[in-house]
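Here's the structure, in structure tokens; my notes come after.
Numbering (UniProt numbering), first residue to last: 1 to 600.
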């Protein structure tokens, strides 16, 4: 038996000889299985080491979608080259990225082969042929390859005279995955401690959304879009995640996208459709080839408008698949888009997305959209357009009368858990916490779960006595090093600082902070503003205040008063409310005096 390295003197192969190409479609094989998979192919293939006249075996490698590009070239390729190049196997690399980098790394990897003959063969034949195959766009590798022995396809061994079809659109699917935002999925592991509804809370709202999704609510069957809006911290994302989990269990969920202003992969619409299409392919595997082919056929698909992307990659494939379906047409149908206001690229991109959703619902009845956001002014306008009103159902969380009851249950359950399981539970007073304390906490929450969640996280710290932490919340004892409402204060600061006329806005906020709900018209007189200015100036912060139909301004968060009146918490947003009250009195006297003298 001759040494395998002698195979290197064999003549070069014909690239168009399809019967002698072994294709490795390794999309579903884990990295640690590569060596075993390649060994099995090599050992069970038609390659006969005793036949010195046999030509080298060409092998086509497709980059696996499960591994990053860099991992594939640095981990899998050297292993393959070191094992098989001395035996005379030729490799064709399908081009899908930077050719210069590929060629440089291939050269370095191949030169590590032990046989000097193999090195020369690689340099003289393999590297040249590889370069040709990569640089010739008209080079066609036949999709069907007949093998006489074993191959690996998707992690499964198929024995003896099988036909292996290189999956059509595989490169398209890889491009689709590259454009996905993993952190935008409802069950993403990238998000630390994602908000979820506490057990037995928000039950009515969640059930109503599921009934709408499934079609059980007859009155809402002609409303394919639901807009769930609420102020900052109202629990929109928690409800959206709970709905996603329930609908996934019921087989009703098609996909989700959770925007996040601080995450560059999900604070814009660029990855939205790819993420939804990817999830659709997971939920409905029969759509994968269809969607992958569409991406492969249009290399610029992710540069097109959001409406075009949604139509081509989601609406049309789903509609065509169901049109071909002979059985029941009950399918996953719900798409959840959470935090639309956190799409920070531009207001126009948020509007464009709503237009895309409206157009999608005009071409198919198969998809329903749940959109969650704060009640920003531009979104109120967009959802108020006639074309949207007729297909839209609104859920306003700030009007949810059951929120206070749910928050009470949340506090009671969490305090009970602290009394049962905290490391310092033996130090807690027997009557802790007093009922009036819980009532006050519920009142201060104002129906906004973020206040309740912030208090509980602070109190349940394993490094402190819970009852002392709760006293610090009420300023009954000096604050600890970590202040109780740091997270909440950051939220208030972020929202209020967005106001264009910030000094005047702070003057306006002093009125409801001092007197409760206050008429906007009287504020405008006191502050010498034009009629309507208050409503316009507050448009940027409607997630923490509301202007009622009678134009009375009211805080959505009672805890906002505590923030604005505490110089340590508010910082440069602080207003001395005692001094402001005196200014208001002086201004009122001045207005009255001028009015009495006929000046106004």
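The beta carbon of each residue, even a glycine, is placed where N, CA and C say it ideally should be.
Using a 10 angstroms sphere on the CB of residue 387, the tally of other CB atoms stays under 16, which defines it as exposed. With the rule of 3 Cβ pairs closer than 8 Å, the segment 221-240 does not count as touching the segment 434-443. Comparing alpha-carbon positions, the option among 391, 543, 563, 178 lying closest to residue 556 turns out to be 543. In terms of Cα proximity to residue 300, the closest of 172, 277, 225 is 172.
DSSP places residue 521 in the uninterrupted alpha helix (DSSP H) bounded by 520-526. Contact check between the segment 420-427 and the segment 207-217: fewer than three CB pairs, one atom from each, fall below 8 Å, which does not count as touching. Here the C-alpha atom of residue 532 lies approximately 12 Å from the C-alpha atom of residue 553. Straight-line measurement puts the Cα of residue 314 at about 16 Å from the Cα of residue 303. By DSSP's assignment, residue 422 forms no beta bridge with any residue. Residue 229 is not a Cβ neighbour of residue 391, given a cutoff of 8 Å. Residue nearest to residue 256 within the set 477, 457, 539, 280 is 280 (criterion: CA-CA distance). Of the candidates 201, 196, 396, 196 places its Cα closest to the Cα of residue 241. Annotated three-state conformation of residue 373 is strand, per DSSP. A buried status is given to residue 455, since no fewer than 16 other beta-carbon atoms sit within 10 Å of its beta-carbon.
When DSSP states are grouped into helix, strand and coil, residue 463 belongs to the coil group. Residue 250 and residue 447 have their C-alpha atoms spaced approximately 29 Å apart. Only exposed fits residue 589, as fewer than 16 other CB atoms lie within 10 angstroms of its CB. Between the alpha carbons of residue 443 and residue 177 lies a gap of roughly 46 Å. If you compare the alpha carbons of 580, 451, 343 with that of residue 407, the shortest gap goes to 451.
When rounded, the separation of the alpha-carbon atoms in residue 298 and residue 271 is 16 Å. Within the segment 171-236, the alpha helix (DSSP H) runs of at least 4 residues that lie entirely inside it are, in chain order, 203-214. Shown here, residue 498 sits in coil according to DSSP, grouped into three states, outside any helix or strand. Straight through space, the alpha carbons of residue 518 and residue 529 are spaced by roughly 15 Å. Separation of residue 445 and residue 227 (C-alpha to C-alpha, rounded to the nearest whole angstrom) is 23 Å. Distance from the CA atom of residue 183 to the CA atom of residue 479, rounded to whole angstroms, is 35 Å. Residue pairing for residue 337: DSSP places it in a beta bridge opposite 257, 371.
By the Cβ criterion, the segment 556-575 is in contact with the segment 488-496, since at least three pairs of Cβ atoms, one from each stretch, lie closer than 8 Å. With contacts defined by Cβ atoms closer than 8 Å, residue 377 and residue 539 form a contacting pair. Taken through DSSP and simplified to helix, strand or coil, residue 555 comes out as strand.
Residue 594 and residue 503 have their C-alpha atoms roughly 26 Å apart. When the five nearest sequence neighbours on each side are left out, the beta carbons in the same chain lying within less than 6 Å of the beta carbon of residue 460 are those of 418, in order along the chain. Proximity to residue 181 across 506, 198, 278 peaks at 278, based on C-alpha coordinates. Boundaries of the beta strand (DSSP E) harbouring residue 394: 392-396, taken from the DSSP string. Counting along the chain, residue 547 sits inside the beta strand (DSSP E) bounded by residues 545-547. Taking residue 547 as reference, the option from 318, 398, 333, 306 with the minimal CA-CA separation is 398. If the five residues before and after residue 581 are omitted, its C-beta is found closer than 7 Å to the C-beta atoms of 514, all from its own chain and listed in chain order.
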